[in-house]
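2 protein chains.
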Amino acid sequence: MTATFPQASDKHALEHGEVLAPRFDANGLIAAIATDADTGEVLMFAWMNAEALSRTLDTGEAHYFSRSRGELWHKGATSGQIQRIVEARIDCDQDCVWLKVRPQGDGGACHTGARSCFYRLIVNGKLVDRP
Amino acid sequence: MTATFPQASDKHALEHGEVLAPRFDANGLIAAIATDADTGEVLMFAWMNAEALSRTLDTGEAHYFSRSRGELWHKGATSGQIQRIVEARIDCDQDCVWLKVRPQGDGGACHTGARSCFYRLIVNGKLVDRP
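This is the structure:
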């Protein structure tokens with residue numbers, strides 16, 4: 704499967720049009736933010752290629768592109784931490800997607816076992832655990 | 704001013720240590736997500752270089768790196784949309800910062816005039832305004 708998206712015809716179309724025209728970077732990737740649809744907490748930050756975005760929208764479950772493994776990544780396929788999409792948004796210049804999700808399985812999103820990847824505060828230049 | 708940060712000594716230190724050791728990419732940038740500290744809404748996604756991150760933490764106001772202008776960007780310096788930092792977090796592998804902010808000025812964050820850059824839903828493959 705090869706997913707393709709159109710390019711916006713101009714800046715106005717990009718920022719105000721109804722055409723989904725994601726601007727993938729030189730590596731073919733777009734940024735993605737997943738938040739918990741119920742708590743608003745930011746769960747994780749990851750990347751999507753066109754196929755990952757397309758499958759996310761088609762299936763209602765978050766797919767990303769793993770830069771370390773160089774492959775499509777259906778979040779939760781092995782861990783059970785499937786992310787059901789409640790709402791998907793895109794930003795003004797269409798280079799970042801915001802997914803509001805309901806995490807399945809044990810409810811976590813982070814490979815460390817934490818619920819969110821953002822389990823540390825920056826306080827006076829040091830990191831402090833604060834799940 | 705040249706801001707520098709240490710590198711994590713190993714994966715455990717990166718993921719569980721108390722040392723802030725951001726992993727800047729090949730362009731010297733780290734991803735940054737700003738959410739509204741009161742509503743939880745994602746306001747914007749941007750990039751920071753080491754100086755932007757350092758100034759953000761030192762001043763309590765969000766600084767980014769503008770890739771289009773190639774320069775440090777004190778958010779709100781001209782628009783008045785200063786972002787006061789309520790809380791700063793970093794993710795497991797320290798390549799993304801999450802800022803909870805209180806937007807000053809007119810309360811907006813987006814150059815289009817919208818409160819959040821994510822003012823469009825993706826619905827059945829089309830974009831729909833939903834501020």
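Just so you know, the protein sequences line up as chains A and B, in that order.
Taking my numbering, the leading residue of the first sequence gets 704, the next gets one more, and so forth.
Taking my numbering, the leading residue of the second sequence gets 704, the next gets one more, and so forth.
Ideal placement from N, C-alpha and C gives every residue a C-beta, glycine not left out.
The contact set of Thr815/B on chain A, defined by CB atoms closer than 9 Å, consists of Glu718, His719, Cys795 in chain order.
Contact between Ala706/A and Leu756/A holds: their C-beta atoms lie close to 7 Å from each other, under 8 Å. Cβ proximity to chain A below 7 Å picks out nothing from the stretch 705-716 of chain B.
For Asp761/B, the enclosing alpha helix (DSSP H) stretches over residues 753-762. At least one CB atom of chain A sits nearer than 8 Å to the CB of Gly743/B.
Judged by DSSP secondary structure, Leu802/B falls within the beta strand (DSSP E) whose first and last residues are 799-806.
In this structure Leu732/A is in contact with Phe768/A, their Cβ atoms being roughly 6 Å apart against a cut-off of 8 Å. The alpha-carbon separation between Ile785/B and Thr781/A amounts to approximately 42 Å. Our two residues, Ala740/A and Gly811/A, have alpha carbons roughly 13 Å apart in a direct line. For Glu790/B, the CB contacts under 6 Å within the same chain, skipping 5 residues up- and downstream, are Lys803 in chain order. In this structure the stretch 822-831 of chain A does not touch the stretch 791-802 of chain A; the number of beta carbon pairs closer than 8 Å is below three. Within 9 Å of the CB of Ala791/A, the CB atoms of chain B belong to Leu824, Ile825, Val826, in sequence order along the chain. In the structure shown, Leu717/A adopts helical secondary structure according to DSSP, grouped into three states. Taking the C-beta atoms as reference points, Arg772/B is found no nearer than 8 Å to Arg787/B. Legend: CB atoms of the stretch 774-785 of chain B lying less than 7 Å from CB atoms of chain A are not found in any residue. The shortest C-alpha to C-alpha distance from Thr738/B to any of Ala729/B, Asn730/B, Phe748/B is the one to Phe748/B.
Residue burial is scored here from C-beta neighbours: Asn730/A has fewer than 16 other C-beta atoms within 10 angstroms and is therefore classed as exposed.
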